[in-house]
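Only one structure is covered here, and it is reproduced in the block below.
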Amino acid sequence: SAVISQKPSRDICQRGTSLTIQCQVDSQVTMMFWYRQQPGQSLTLIATANQGSEATYESGFVIDKFPISRPNLTFSTLTVSNMSPEDSSIYLCSVETWDRGRPEAFFGQGTRLTVV
Amino acid sequence: GQSLEQPSEVTAVEGAIVQINCTYQTSGFYGLSWYQQHDGGAPTFLSYNALDGLEETGRFSSFLSRSDSYGYLLLQELQMKDSASYFCAVHGGSQGNLIFGKGTKLSVKP
Numbered sequence: 337s338a339v340i341s342q343k344p345s346r347d348i349c350q351r352g353t354s355l356t357i358q359c360q361v362d363s364q365v366t367m368m369f370w371y372r373q374q375p376g377q378s379l380t381l382i383a384t385a386n387q388g389s390e391a392t393y394e395s396g397f398v399i400d401k402f403p404i405s406r407p408n409l410t411f412s413t414l415t416v417s418n419m420s421p422e423d424s425s426i427y428l429c430s431v432e433t434w435d436r437g438r439p440e441a442f443f444g445q446g447t448r449l450t451v452v
Numbered sequence: 314g315q316s317l318e319q320p321s322e323v324t325a326v327e328g329a330i331v332q333i334n335c336t337y338q339t340s341g342f343y344g345l346s347w348y349q350q351h352d353g354g355a356p357t358f359l360s361y362n363a364l365d366g367l368e369e370t371g372r373f374s375s376f377l378s379r380s381d382s383y384g385y386l387l388l389q390e391l392q393m394k395d396s397a398s399y400f401c402a403v404h405g406g407s408q409g410n411l412i413f414g415k416g417t418k419l420s421v422k423p
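Protein chains in written order, with the working numbering: chain A, 337 to 452; chain B, 314 to 423.
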């Protein structure tokens with residue numbers, strides 16, 4: 337299992353500013369995942385962060401808008417840059433562990449971002 | 314493209330049985346997972362199927378048919394606390410990323 341501490345839990349930000357979200361995992365993991373979820377909607381993968389290499393971004397997400405850091409095997413940050421109201425969403429970090437051939441994803445509690 | 318289809322909403326009464334179906338079309342497939350998410354909470358893992366057949370975990374069971382690209386989550390003896398959104402998710406490969414369906418909002422009535 338894995339326990340993820342994510343912060344901030346929520347924030348209200350002015351358009352044009354940036355917000356950095358942090359995730360701390362209680363164990364070392366190779367990959368960390370960042371998702372975005374509109375309330376009542378599905379989870380969309382933003383990027384996969386490996387320690388020691390650049391993050392891999394999904395279609396529609398770019399590094400300039402969502403820079404990611406992964407300085408070690410237990411920590412990652414996602415920055416939402418130059419925010420606009422369209423960035424208002426819930427952002428979640430996640431890690432995966434395998435137990436008896438079964439993958440299980442664990443999520444942080446999410447960051448509810450409102451851009452005004 | 315990649316897509317997972319599941320019903321948007323399901324309503325059932327306490328004590329009943331409900332089945333949430335999921336059909337998928339993805340370029341890579343290692344297995345099908347199910348996650349539960351209560352309002353305001355994070356998704357939590359329920360089950361995973363890599364092979365055809367039924368997996369049972371307490372009141373919850375999950376089924377997979379790889380040939381039909383189809384699975385379902387079966388919830389028995391429904392309780393009010395089961396009211397939540399349920400997501401099917403395809404595990405696409407060794408990279409570990411999940412592709413989620415749009416979610417099914419289950420409402421359990423007294």
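Just so you know, even glycine gets a beta-carbon here, dropped at the ideal spot from N, CA and C.
Taking a contact to mean a Cβ-Cβ separation below 8 Å, would you say residue i touches residue j in this structure?
i, j, result
"A397(B)", "L428(A)", "no"
"S346(B)", "T417(B)", "no"
"S424(A)", "V451(A)", "yes"
"I426(A)", "T413(A)", "no"
"L388(B)", "D395(B)", "yes"
"F369(A)", "T392(A)", "no"
For a contact meaning CB atoms closer than 9 Å, what does residue i contact in chain A?
i, result
"K415(B)", "Q377 and S378"
Quick check on DSSP: helix, strand or coil for residue i?
i, result
"P439(A)", "strand"
"M393(B)", "helix"
"D347(A)", "strand"
"E318(B)", "strand"
"P407(A)", "strand"
"E463(A)", "Since the first and last residues shown for chain A are 337 and 452, residue 463(A) lies out of range."
"E369(B)", "strand"
Give me the chain B residues within the contact set of residue i, using Cβ-Cβ distance strictly less than 8 Å, ordered along the chain.
i, result
"E390(A)", "Simply none; closest approach about 14 Å."
"Q445(A)", "G354 and A355"
Determine, using beta carbons only, whether residue i comes closer than 8 Å to chain B.
i, result
"L428(A)", "yes"
"R438(A)", "yes"
"F369(A)", "yes"
"T410(A)", "no"
For residue i and residue j, which I take to be in contact (beta-carbon distance under 8 Å), what is that distance rounded to the nearest angstrom?
i, j, result
"N410(B)", "L379(A)", "Their Cβ separation, rounded to whole angstroms, is 11 Å, which puts N410(B) and L379(A) out of contact at 8 Å."
Would residue i pass as an interface residue toward chain A - the criterion being a Cβ-Cβ separation below 8 Å?
i, result
"L364(B)", "no"
"N334(B)", "no"
"L377(B)", "no"
Output, in chain order, the set of chain B residues within a Cβ distance shorter than 7 Å of residue i.
i, result
"A441(A)", "F358 and L411"
Mind pulling the chain A residues with CB within less than 8 Å of residue i?
i, result
"F400(B)", "S378 and L379"
I want to verify the contact list: residues of chain A whose CB lies under 7 Å from the CB of residue i, in sequence order.
i, result
"H404(B)", "P439"
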